[in-house]
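> Once you've had a glance at the structure underneath, I'll fire off some questions.
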Amino acid sequence: MTNVLETVLGPLTLKNPILVASGTFGYGVEYSDVMDISSIGGISVKGISLQPRPGNPPPRMCETPSGMLNSIGLANVGFDVFVTRMMPKLREQGATVIANAYGTSADEFAELCRKFNDVEGIAAIEVNISCPNVKSGGIHFGVSGKPAAEVTEAVRKATALPVIVKLSPEAFDIKEVARAVEAAGADSVSLINTFRGMSIDVNTRKPRLGVGFGGLSGPAVRPLAVRMVYDVAQAVRIPIIGMGGITCLRDVLEFFLAGASAVQVGTANFSNPTVAVELVRDLEQYCERNGVKPFDLVGKVQMP
Ligand SMILES: Cc1cc2nc3c(=O)[nH]c(=O)nc-3n(C[C@H](O)[C@H](O)[C@H](O)COP(=O)(O)O)c2cc1C
Numbered sequence: 006m007t008n009v010l011e012t013v014l015g016p017l018t019l020k021n022p023i024l025v026a027s028g029t030f031g032y033g034v035e036y037s038d039v040m041d042i043s044s045i046g047g048i049s050v051k052g053i054s055l056q057p058r059p060g061n062p063p064p065r066m067c068e069t070p071s072g073m074l075n076s077i078g079l080a081n082v083g084f085d086v087f088v089t090r091m092m093p094k095l096r097e098q099g100a101t102v103i104a105n106a107y108g109t110s111a112d113e114f115a116e117l118c119r120k121f122n123d124v125e126g127i128a129a130i131e132v133n134i135s136c137p138n139v140k141s142g143g144i145h146f147g148v149s150g151k152p153a154a155e156v157t158e159a160v161r162k163a164t165a166l167p168v169i170v171k172l173s174p175e176a177f178d179i180k181e182v183a184r185a186v187e188a189a190g191a192d193s194v195s196l197i198n199t200f201r202g203m204s205i206d207v208n209t210r211k212p213r214l215g216v217g218f219g220g221l222s223g224p225a226v227r228p229l230a231v232r233m234v235y236d237v238a239q240a241v242r243i244p245i246i247g248m249g250g251i252t253c254l255r256d257v258l259e260f261f262l263a264g265a266s267a268v269q270v271g272t273a274n275f276s277n278p279t280v281a282v283e284l285v286r287d288l289e290q291y292c293e294r295n296g297v298k299p300f301d302l303v304g305k306v307q308m309p
């Protein structure tokens with residue numbers, strides 16, 4: 006039987022369009038006891054930097070209405086440990102690995118991506134120019150077209166791997182940023198990263214996160230994410246990977262109709278670690294029942 010869920014994102018072909026979002030699924034290996042991590046379309050691993058990072062002071066997560074705030078600050082083991090300790094296990098398990106890259110300058114991004122060229126088993130690089138929880142880099146590159154294009158161009162020159170640029174919902178004009186990274190050589194875009202938010206404990210009168218602010222994710226952001234996917238789909242020709250508050254098949258279909266060719270599931274992994282495999286199964290059943298492929302739905306929202 007042909008795989009109805011096979012998904013082509015420019016130079017990247019995935020077995021299905023259900024991926025897990027960076028920072029919400031560890032390095033992937035942690036989940037191999039509870040599910041077959043090769044059965045999902047891809048794992049965008051926790052953001053990796055050249056050197057290890059301790060991240061921000063705790064508390065780094067708190068629950069909010071229909072979502073959560075996080076201020077992890079890109080805590081990660083760094084490139085070397087990821088490659089020597091996690092990659093062998095990910096290869097052994099047959100996972101489709103997307104390296105989520107973080108740098109504080111275009112040169113640093115390029116250096117990191119160049120190093121990924123020599124790592125066996127990396128399917129693509131997701132360039133994070135949209136993290137709101139760091140003092141430098143991250144969202145500072147993603148708010149407007151020029152810095153976003155500079156990073157993309159540097160990465161494009163450094164690697165032949167498929168380049169996915171992850172966009173910020175806090176860009177002044179997300180369509181402009183999407184067009185700029187497309188022109189600079191991105192193979193696809195993923196969106197959205199989190200929104201900067203704040204929650205205050207009224208008893209202590211202190212913010213509920215250690216650094217005061219954090220990125221908002223989960224179902225609370227979904228309508229905003231769907232709208233942005235729709236907007237970006239009108240602006241670029243490269244494929245879009247949509248995310249923001251996906252919890253069930255209906256949400257996945259909504260993103261396809263808005264213009265996404267694949268999706269990532271993030272915050273939902275915390276309440277249901279096997280949600281992504283369940284979505285693959287649900288999507289396959291939906292496609293068989295309706296005689297469609299996911300691609301047939303992409304961008305097919307009927308606007309008034
Ligand atoms: C705890 C946490 C950590 C995250 N870390 C990263 C990261 O390292 N790199 C990145 O590009 N996005 C990171 N994100 C953003 C998610 O990948 C995703 O873009 C966002 O949460 C929206 O999807 P969701 O509503 O399904 O969670 C993180 C999100 C959360 C909740």
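Note that my numbering has the sequence shown beginning at 6, numbered continuously upward.
All C-beta atoms, glycine included, are put in the ideal place defined by N, C-alpha and C.
Sort Pro309, Gln239, Leu288, Glu97 by Cα distance to Val9 and report the nearest one.
Mapped onto the sequence shown, residue 9 falls at position 4. For the residues Pro309, Gln239, Leu288, Glu97, the minimum Cα distance to Val9 belongs to Leu288.
> Grab me the residues of Gly142's own chain with a C-beta within less than 7 Å of its C-beta, minus the 5 sequence neighbours each way, in chain order.
Stepping through the sequence shown from its first residue, residue 142 is reached at position 137. Result list for Gly142: Tyr107, Gly108, Thr109, in chain order.
> Is Met66 a contact residue of ligand 1, with contact defined as CB to any heavy atom under 7 Å?
Locating residue 66 in the sequence shown gives position 61, where the first residue counts as 1. Met66: yes, Cβ under 7 Å from ligand 1.
> Between the C-alpha atoms of Phe30 and Gly271, what's the straight-line distance to the nearest angstrom?
The sequence position of residue 30 within the sequence shown is 25, counting from 1. The sequence position of residue 271 within the sequence shown is 266, counting from 1. Using only the alpha carbons, I get a separation of about 8 Å.
> List the endpoints of the continuous alpha helix (DSSP H) containing Val182.
Your numbering for residue 182 matches position 177 in the sequence shown. 179 to 188 is the extent of the alpha helix (DSSP H) around Val182.
> At the level of alpha carbons, what is the spacing between Asn295 and Leu258?
Here residue 295 is taken as the residue at index 290 of the sequence shown, counted from 1. Here residue 258 is taken as the residue at index 253 of the sequence shown, counted from 1. Distance between the alpha carbons of Asn295 and Leu258: 13 Å.
> Pick helix, strand or coil for Leu10, following the three-state DSSP scheme.
Mapped onto the sequence shown, residue 10 falls at position 5. In this structure, Leu10 counts as coil in the three-state DSSP scheme.
> Could you spell out where the beta strand (DSSP E) holding Glu68 opens and where it closes?
Indexing the sequence shown from 1 puts residue 68 at position 63. Segment 66 to 69, the beta strand (DSSP E) holding Glu68.
> Whole angstroms is fine: what's the gap from Ser54's alpha carbon to Asp41's?
In the sequence shown, residue 54 corresponds to position 49, counting from 1. In the sequence shown, residue 41 corresponds to position 36, counting from 1. Whole-angstrom Cα-Cα distance: 27 Å.
> Could you tell me if Pro174 is buried or exposed, where buried requires 16 or more neighbouring beta carbons within 10 angstroms of its beta carbon?
Start at 1 with the first residue of the sequence shown, and residue 174 comes out as number 169. Result: buried.
> What residues in its chain sit with their C-beta under 8 Å from that of Pro212, if we drop five residues either side in the sequence?
Numbered from 1 along the sequence shown, position 207 holds the residue referred to as residue 212. Cβ neighbours of Pro212 beyond the five flanking positions: Met203, Ser204, Ile205, Asp206, Phe218.
> Hey, Phe121 and Ile134: beta-carbon distance below 8 Å or not?
On the sequence shown, residue 121 is found 116 positions in, with the first residue counted as 1. On the sequence shown, residue 134 is found 129 positions in, with the first residue counted as 1. For Phe121 and Ile134, no; Cβs fall outside 8 Å.
> Count the other C-beta atoms from every protein chain shown that fall within 10 angstroms of the C-beta of Ala153, then say buried if there are 16 or more, exposed otherwise.
The residue you call residue 153 lines up with position 148 of the sequence shown. Looking at its Cβ environment, which holds 16 or more other Cβ atoms inside 10 Å, Ala153 is buried.
> Along the alpha helix (DSSP H) that carries Phe87, what are the first and last residues, could you check?
Sequence index remark: in the sequence shown, residue 87 carries index 82 (1-based). Here Phe87 belongs to no alpha helix (DSSP H), and DSSP marks it neither H nor E.
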